[in-house]
Amino acid sequence: MYKDKVDEKIIGYLKEDSRESFVDIGKKLKLSESAVRRRVKNLVDSGTIKKFTLELGEENSTSAIVLVSVDSATDTSKVSLKLAKLEGVKTVYEITGQYDITTIMSATNIAEINTTIDALRKISGVVDTNTVIILRKII
Numbered sequence: 015m016y017k018d019k020v021d022e023k024i025i026g027y028l029k030e031d032s033r034e035s036f037v038d039i040g041k042k043l044k045l046s047e048s049a050v051r052r053r054v055k056n057l058v059d060s061g062t063i064k065k066f067t068l069e070l071g072e073e074n075s076t077s078a079i080v081l082v083s084v085d086s087a088t089d090t091s092k093v094s095l096k097l098a099k100l101e102g103v104k105t106v107y108e109i110t111g112q113y114d115i116t117t118i119m120s121a122t123n124i125a126e127i128n129t130t131i132d133a134l135r136k137i138s139g140v141v142d143t144n145t146v147i148i149l150r151k152i153i
């Protein structure tokens with residue numbers, strides 16, 4: 015399906031807040047609520063919009079920092095790319111010091127964090143990990 019600039023703007027508004035009303039989007043674009051509704055329906059029907067989701071705030075999740083050591087014979091960047099694909103891994107940093115990589119993970123509970131750590135440890139080249147559960151975010 016062909017998307018025009020208006021469709022792209024609608025998609026942008028919905029990416030920011032999928033609960034924003036069609037009336038409010040219409041006001042921003044100088045369109046009627048029904049015109050926005052019709053465009054969104056067309057975007058969904060064409061597969062341009064696959065689904066509407068929600069993202070829980072950090073206060074509703076458990077986070078962890080996981081330090082990772084990589085075997086010296088293994089390319090650290092390849093391990094980093096594999097880590098980035100794991101569910102729950104939000105950020106991957108290559109670092110200096112005793113460990114080669116640190117990741118920031120987030121999940122709904124510690125059991126899910128543990129499942130991700132188990133998967134992380136199975137990645138070829140990972141030789142050691144150290145996990146720190148985040149108790150509270152200050153800033």
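Here the numbering used here runs 14 ahead of the position in the sequence shown, where the first position is 1.
Cβ atoms here follow ideal geometry from the backbone N, Cα and C, with glycine treated the same way.
Should Leu81 and Thr122 be called a contact, given that it needs their Cβ atoms to be closer than 8 Å?
no
By Cβ distance, which residues of its chain are closer than 7 Å to Ile131, with the 5 residues on each side in sequence left out?
Val80, Thr143, Thr145
By how many angstroms is the C-alpha of Val141 removed from the C-alpha of Ile118?
18 Å
Distance, Cα to Cα, Lys151 vs Ala125?
20 Å
Using only the alpha-carbon positions, how far apart do Val37 and Leu97 sit?
42 Å
Counting C-beta neighbours from all protein chains within 10 Å, is the total for Gly111 16 or more, i.e. buried, or is it exposed?
exposed
Do you know whose CA, among Thr88, Ser75, Ile115, lies nearest Leu181's CA?
Given a span of 15 to 153 for the chain in the structure shown, any question on residue 181 remains unanswerable.
Which residue's Cα is closest to the Cα of Phe2: Glu34, Thr88, Ile137, Val50?
Missing from the structure shown is residue 2; the chain here goes from 15 to 153 and no further.
Please work out which residues of its chain come closer than 6 Å, Cβ to Cβ, to Thr88, disregarding the five sequence neighbours upstream and downstream, and give them in chain order.
Gly139
Please go through the segment 24-72 and give each complete alpha helix (DSSP H) segment of 4 or more residues, from N-terminal end onward.
36-43, 47-59
Coarse secondary structure for Leu97, derived from DSSP in three states:
helix
Ile39 burial status per 10 Å Cβ neighbour count (16 or more: buried)
buried
In chain order, what residues of the same chain lie with their CB nearer than 8 Å to the CB of Val20, ignoring the 5 residues before and after it?
Leu43, Leu45, Arg53
Under 8 Å between C-beta atoms, does Ala133 make it to chain D?
As a matter of chain content, chain D is missing from the structure shown, which is built from one protein chain.
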